[in-house]
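Below: the structure, in structure tokens.
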Amino acid sequence: MGDVTPLDACEIVTVHPDKVALTRENIPDLTETARLATLFKLLGDPRRARILYALLEAGELCVCDLAASIDVPETAVSQSLRLLRTAGVVGNRRAGRMVYYRLADAHVRMLLDLSREHTLHEERP
1 MGDVTPLDAC EIVTVHPDKV ALTRENIPDL TETARLATLF KLLGDPRRAR
51 ILYALLEAGE LCVCDLAASI DVPETAVSQS LRLLRTAGVV GNRRAGRMVY
101 YRLADAHVRM LLDLSREHTL HEERP
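Counting from 1, one number per residue, gives the positions in the sequence shown under full-length UniProt numbering.
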């Protein structure tokens with residue numbers, strides 16, 4: 001019986017220098033990919049994801065409205081918002097004693113829309 005090559009390995013190891021060079025020129029560097037990984041970790045928490053989708057739907061909500069919308073205690077929402085705000089994913093504005101939160105920009109909206117579309121696409125037969 002001969003050697004078995006795994007399905008995810010090259011049967012014949014041949015590096016294509018032009019493709020490798022082009023790829024290396026265009027992929028993000030380690031600093032940028034670390035920031036991307038941090039962003040995806042933030043989105044990887046179901047509670048934070050629901051907060052972001054609530055803000056996507058409503059546009060702007062205070063902590064108590066967010067807590068009521070996603071059935072989570074206000075303290076948990078506040079902790080999540082602190083992380084999201086620090087990462088630049090949400091912004092806020094103060095109106096007297098109230099603080100209202102919103103998605104930081106259109107890029108966050110697009111990321112959420114595309115992510116949801118992808119997960120819904122994966123569920124379809």
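The beta-carbon is built from N, C-alpha and C at its ideal position, and this holds for glycine as well. The model shown is predicted, which means the values in this text are computed figures rather than measured ones.
Per the C-alpha coordinates, the member of Pro46, Gly88 and Ala21 positioned closest to aspartate 71 is Pro46.
Here the region 37-55 lies against the region 75-88, with 3 or more beta-carbon pairs under 8 Å apart. Per DSSP, reduced to three states, the secondary structure at alanine 37 is helical.
Between the region 52-65 and the region 108-122 there are three or more inter-stretch CB-CB distances shorter than 8 Å, so the stretches are counted as touching. The beta carbons of leucine 43 and valine 63 sit no closer together than 8 Å. Cβ neighbours of proline 73 within its own chain (closer than 7 Å, five residues either side excluded): Ala67.
In this structure, the straight-line span from the alpha carbon of threonine 33 to that of isoleucine 27 is close to 9 Å. The beta-carbon separation of glycine 91 and arginine 102, rounded to 6 Å, stays under the 8 Å limit for a contact.
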